[in-house]
Amino acid sequence: MQVGIVGLGKMGFNFSLRLLEKGYQVVGFDNLSEPREQLAKQGGINTKSLEELCTKLASPRIVLLSVPHSAVEEILFAESGLVNYLDRGDIIIDAANAYYKNSIHYFQRLKKKGVDYLDMGVSGGPGGARNGSSIMVGGNETVYKKVEEVFADLAATDGYGYMGPAGAGHFVKMVHNGIEYVLMEAYGEGFELLASGPYKELDLAKIAKIWNHGGVVASFVLDKIEAVFAKDPRLETIEGFVEDLGEGRWVVREAIGAEIPVDTIAEALFDRFRSRQKDSFSAKLAAALRHEIGGHSIRAKK
4 MQVGIVGLGK MGFNFSLRLL EKGYQVVGFD NLSEPREQLA KQGGINTKSL EELCTKLASP
64 RIVLLSVPHS AVEEILFAES GLVNYLDRGD IIIDAANAYY KNSIHYFQRL KKKGVDYLDM
124 GVSGGPGGAR NGSSIMVGGN ETVYKKVEEV FADLAATDGY GYMGPAGAGH FVKMVHNGIE
184 YVLMEAYGEG FELLASGPYK ELDLAKIAKI WNHGGVVASF VLDKIEAVFA KDPRLETIEG
244 FVEDLGEGRW VVREAIGAEI PVDTIAEALF DRFRSRQKDS FSAKLAAALR HEIGGHSIRA
304 KK
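Numbered according to this note's numbering, the sequence shown spans residues 4 to 305.
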């Protein structure tokens, strides 16, 4: 099976490697030449434009977008965008974790041209992309079934599924990320108390490891916390400035519209804003976790 992948960053490149290992022919495009060349060294096909990518794929084409959500519309609909080179029955899989209402808009625009669109919420970061992600898919269910094999091969065991009509995959992922905000905040507060309490020599990495083996707070995030503290036991090299990519804001906005209280998610979002005004231990851990889980950049102490 052939799959085109647009965007060979930390997620897209690892998706490519995983599919190559599963026996797929991967046709890749990125604006940068280095990841394209690295893909070719791994057995993929290097293309230098969206048009060339489409010419290398047999119809019906499957094209997976692994780009920032802010870039999706331009990649699809710009003067030299994908839509100009696709045919009826081709399938776009949008793994950009976009705002779900934008996903519905893309679905509707592409449908008019006979091109199918599936929104793919994905969790697990670059490590998941390489070793198996959690995948949530929205769109036409018949189209989903046509390419279900791709989702099965990208996902961890039992880690994928069809969520519902267009936008559902990205909506579910949006809520997932809101919950993740809360988890990071709760762990950050707890470890800040441990670091600042009466026992000054506590080994925070050891505590995280012990909690993660039989403790009720065990989790994937706690596993990453152990890794963070193993590298920097007191987070002395990290500035407590926590960015956000928008998902928490989207959750709060949706909750307001639905009149659903999401107090803890909202507070976790506001704490990220607060982190940009002061340098707290909790914020440092949240910043380090975003890097450890998703490969996002952190601000080093100057």
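Backbone N, C-alpha and C define an ideal beta-carbon position, used for all residues, glycine too.
Keep in mind it's a predicted model, so treat the numbers as computed, not measured.
### Task
Go ahead and pull the three-state DSSP assignment for Val70.
Along the sequence shown, read from residue 1 onward, the residue named residue 70 stands at position 67. Reduced to three states, the DSSP call for Val70 is coil.
### Task
Identify, in the order they occur along the chain, each residue of the same chain with its Cβ nearer than 8 angstroms to the Cβ of Val66, setting aside the five sequence neighbours on each side.
In the sequence shown, the residue the question calls residue 66 occupies position 63. Answer for Val66: Val6, Gly7, Ile8, Val9, Leu56, Cys57, Leu60, Leu85, Leu89, Asp93, Ile94, Ile95, Ile96, listed in chain order.
### Task
Could you have a look at Ser137 and say whether DSSP puts it in helix, strand or coil?
Start at 1 with the first residue of the sequence shown, and residue 137 comes out as number 134. Ser137: strand per DSSP, three-state reduction.
### Query
For Ile301, does the three-state DSSP call read helix, strand or coil?
For the purposes of this step, residue 301 is identified with residue 298 of the sequence shown, where counting begins at 1. Three-state DSSP puts Ile301 in coil, outside helix and strand.
### Query
Can you find at least 3 beta carbon pairs, one from the region 243-263 and one from the region 196-215, that sit closer than 8 angstroms?
Under the 8 angstroms Cβ criterion, the region 243-263 does not count as touching the region 196-215, having fewer than three qualifying pairs.
### Query
What is the DSSP secondary structure of Tyr202, reduced to helix, strand or coil?
For the purposes of this step, residue 202 is identified with residue 199 of the sequence shown, where counting begins at 1. Coil at Tyr202, not helix or strand.
### Task
Kindly provide the ranges of any alpha helix (DSSP H) runs that are 4 or more residues long and lie completely inside the region 38-122, ordered along the chain.
53-59, 75-80, 103-115
### Task
Return helix, strand or coil for Asp226, following the three-state DSSP convention.
Position 223 of the sequence shown, counted from the start, is the residue given in the question as residue 226. If DSSP states are grouped into helix, strand and coil, Asp226 belongs with the helices.
### Message
Spatial neighbours of Lys116 within its chain, please: C-beta separation below 8 angstroms, excluding the five flanking residues on both sides.
### Response
Position 113 of the sequence shown, counting from 1, holds the residue named residue 116. Within the same chain, Lys116 has close Cβ partners Val86, Leu89, Arg91.
### Query
Where does Phe32 sit, in a helix, a strand or coil, going by DSSP?
In the sequence shown, residue 32 corresponds to position 29, counting from 1. Here Phe32 sits in strand by DSSP.
### Query
Skipping 5 residues on each side, what residues in its chain have a beta carbon closer than 6 angstroms to that of Gly191?
Your numbering for residue 191 matches position 188 in the sequence shown. Excluding sequence neighbours, Gly191 sits near Ser285, Leu288, Ala289.
### Task
Determine the direct distance from the alpha carbon of Lys104 to that of Ile78, and round the result to whole angstroms.
For the purposes of this step, residue 78 is identified with residue 75 of the sequence shown, where counting begins at 1. For the purposes of this step, residue 104 is identified with residue 101 of the sequence shown, where counting begins at 1. If you take the alpha carbons of Ile78 and Lys104, they lie about 18 angstroms apart.
### Query
Can you tell me the Cα-Cα spacing of Ser136 and Gly298, whole angstroms?
Against the sequence shown, residue 136 aligns to sequence position 133. Against the sequence shown, residue 298 aligns to sequence position 295. Cα to Cα, the separation comes out at about 15 angstroms.
### Query
Could you check where the beta strand (DSSP E) with Ile241 kicks off and where it finishes?
Your numbering for residue 241 matches position 238 in the sequence shown. Run containing Ile241: none; DSSP gives neither H nor E here.
### Neighbour-count burial assignment, Val220, 16 or more Cβ in a 10 Å radius
Taking the first residue of the sequence shown as 1, we reach residue 220 at position 217. Counting Cβ neighbours within 10 Å, Val220 comes out exposed, since fewer than 16 surround it.
### Query
Which one or two residues does DSSP pair with Ile8 in a beta bridge?
Within the sequence shown, numbered from 1, the residue matching residue 8 stands at position 5. Answer by DSSP bridge pairing, in chain order: Gly31, Leu67.
### Query
Secondary structure at Met14, three-state DSSP: helix, strand or coil?
In the sequence shown, counting from the first residue as 1, residue 14 sits at position 11. DSSP, read as helix, strand or coil, puts Met14 in coil.
### Message
Quick check: what's the CA-CA separation for Glu144 versus Tyr165?
### Response
In the sequence shown, residue 144 corresponds to position 141, counting from 1. In the sequence shown, residue 165 corresponds to position 162, counting from 1. Taking the straight line joining both Cα atoms gives about 7 angstroms.
### Task
For the region 216-233 and the region 171-187, state whether three or more C-beta atom pairs, one from each stretch, are separated by less than 8 angstroms.
yes
### Query
So, is Gly98 buried or exposed, given that buried needs 16 or more other C-beta atoms within 10 angstroms?
Residue 98 sits at position 95 when you count from the first residue of the sequence shown. Rather than Gly, the amino acid found at residue 98 in this sequence is Ala. Counting Cβ neighbours within 10 Å, Ala98 comes out buried, since at least 16 surround it.
### alpha helix (DSSP H) segment containing Asp247, residue limits
For this step, residue 247 is matched to residue 244 along the sequence shown. Per DSSP, Asp247 belongs to no alpha helix (DSSP H) and is neither H nor E.
### Query
Nearest to Val70 by alpha carbon, out of Leu42, Met123, His108, Arg64?
Working through the sequence shown from its first residue, we reach residue 70 at position 67. Per the Cα distances, Met123.
### Task
Whole angstroms is fine: what's the gap from Glu204's alpha carbon to Ala159's?
The residue given as residue 204 occupies position 201 in the sequence shown. The residue given as residue 159 occupies position 156 in the sequence shown. Rounded to the nearest angstrom, the two C-alpha atoms are 38 angstroms apart.
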